[in-house]
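To keep things clear, I will list the structure first and then write my remarks on it.
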């Protein structure tokens, strides 16, 4: 199971970046809550580090953990945004700090998207709840999707 190794690394990287935020931002209740979610999720994933990837019970328990982590992190975006709002209301806006926080948020959200995609893909593949209307999909991925055509279509249909 690829995710047993990959998810802890990705979560640890995000946690390291969070720890580099300004102290006053780290002290906001919302950012502390987000931090606690990442800590709890990392601890839960590390429980599977030395378990057999071939054992059906381990796969089931790991999948259950992945789903629980995915659900726990549902509110990460609004909660982190609330933390930034709390910080700005308490300490004002400093252009340099704001630029650094925005840089962090851009990286944080991109990382979150990739982690969420991995969590969803694993849940669909191993969770036993595939979509009968999308039988040709592998998890959430359509192997017959022509990415070039999708991009061309996007260019033809502006938002």
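Numbering (this note's numbering), first residue to last: 927 to 1085. Every residue gets a Cβ at the ideal spot worked out from N, C-alpha and C, and that includes glycine. Predicted model, so just to flag it, every value in this text is computed and none were measured.
C-beta neighbour in chain D for residue i, strict 8 Å
i, result
"residue 952", "Chain labels in this structure do not include chain D; a single protein chain is all it has."
Where residue i falls, given that 16 or more other Cβ within 10 Å makes a residue buried
i, result
"residue 1006", "buried"
"residue 1017", "exposed"
"residue 1074", "exposed"
"residue 960", "buried"
"residue 1082", "exposed"
Residue j beta carbon less than 8 Å from that of residue i
i, j, result
"residue 954", "residue 971", "no"
"residue 1010", "residue 1022", "no"
"residue 1044", "residue 951", "no"
"residue 996", "residue 1042", "yes"
"residue 967", "residue 937", "yes"
"residue 989", "residue 1079", "no"
"residue 1067", "residue 1047", "yes"
Supposed contact pair residue j and residue i - C-beta distance, whole angstroms, cut 8 Å
i, j, result
"residue 940", "residue 964", "6 Å"
"residue 956", "residue 1012", "6 Å"
"residue 1040", "residue 993", "Not really, about 18 Å apart at Cβ, beyond 8 Å."
To test your reading of the DSSP string, which unbroken alpha helix (DSSP H) runs of 4 or more residues are found completely within the region 931 to 956? 949 to 952
Report yes or no: do three or more beta-carbon pairs, one from the region 981 to 991 and one from the region 941 to 949, lie closer than 8 Å? no
Which runs of the alpha helix (DSSP H) at least 4 residues long sit entirely within the region 1000 to 1063? Give them in chain order. 1002 to 1017, 1021 to 1052
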